[in-house]
Structure formats: C-alpha cells, structure tokens
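Residues 76 to 187 in the numbering used here are what the sequence shown lists, from first letter to last.
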Amino acid sequence: MESRQHKRDSMNETISGKEDVKQCVTTIASTQKGSVPFMPEFGCDLMPAIGEKSPLAIDYLIGVYSKEIPLQEPRCEVTDVVGDFTEDGKIKMIIYFSHKEDGSKDFTEVYV
Numbered sequence: 076m077e078s079r080q081h082k083r084d085s086m087n088e089t090i091s092g093k094e095d096v097k098q099c100v101t102t103i104a105s106t107q108k109g110s111v112p113f114m115p116e117f118g119c120d121l122m123p124a125i126g127e128k129s130p131l132a133i134d135y136l137i138g139v140y141s142k143e144i145p146l147q148e149p150r151c152e153v154t155d156v157v158g159d160f161t162e163d164g165k166i167k168m169i170i171y172f173s174h175k176e177d178g179s180k181d182f183t184e185v186y187v
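Pasting the structure below:
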C-alpha cells in the first residue's frame, strides 16, 4: 500500500509518490529542528542563518540540508543545493534531488 499524506495548504486533499517526497523535502527544509512535539530530531537547525546577510549563512544551509534531508527522507538523494539573497533580505534556497524509486530529478525552493 502506497503511503499518503495530507497536501500542504489543503483541507482534504492527499498526495503520494513523487509529490509526497517533494512535500517532505520542503517540510524538512523549512522546519526548525526541535519545534515539532514528540519529534525533536525532525527538521533542520535554521536559527544560525535566520537574519544573516552573509554568504556564510548560505554555506551553512547548504551543509545542513545536504546532511539532514537524506537522513530524514530516505526516498530521495540530494544532488545539489544553491542559495541566494532576495531583495527583501530573505535567503532563497533551491534543493535539487533525485527520486530513488526511478532516478527522476526534482527540486524545491524554501525561504529562510
């Protein structure tokens, strides 16, 4: 039986397969580690990068995402992570990954 989860920003839709993997990667990358009750290891330690305007913040997030996403979402392999600053001072991170099921490529964007 295929795993299903609720679709983000929806009241009654569910997703599965590649869409599920992509949503999981996005959720892991945008959740502060320790903020989910009963799941203290879920997410990434984003705090050192929040509010920073240094390229070191992007380098930090690249390292965190490259380590944490494969540990927490074994159905994918991170192939690249890139980041840049937006005009309003946020950090835009793009996480490229491949689906282990069939090797297809995908990506997601998160803002820190």
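The C-beta atom is built at its ideal place from N, Cα and C for all residues, glycine as well.
All values derive from a computational prediction rather than experimental measurement.
Beta-carbon separation (whole angstroms), residue i vs residue j, contact threshold 8 Å
i: residue 171; j: residue 160; result: No, residue 171 and residue 160 are not in contact; Cβ-Cβ is about 19 Å, not under 8 Å.
i: residue 106; j: residue 117; result: 6 Å
Environment of residue i [buried if 16+ CB atoms lie within 10 Å]
i: residue 80; result: exposed
i: residue 111; result: exposed
i: residue 135; result: buried
i: residue 86; result: exposed
i: residue 180; result: exposed
i: residue 131; result: exposed
i: residue 146; result: exposed
i: residue 125; result: exposed
i: residue 148; result: buried
Beta-carbon gap between residue i and residue j smaller than 7 Å
i: residue 173; j: residue 154; result: yes
i: residue 139; j: residue 166; result: no
i: residue 191; j: residue 157; result: In the structure as shown, the chain begins at 76 and stops at 187. Residue 191 is therefore absent and cannot be evaluated.
i: residue 88; j: residue 97; result: no
i: residue 108; j: residue 119; result: yes
In DSSP terms, what residue i is bridged to
i: residue 187; result: Answer by DSSP bridge pairing: none, since residue 187 is not bridged.
i: residue 182; result: 171
i: residue 102; result: The partner list for residue 102 (beta bridge, DSSP) is empty, contrary to what the question assumes.
i: residue 91; result: 79
Mind pulling the alpha helix (DSSP H) runs of 4 or more residues that sit fully within the region 124-179?
130-147
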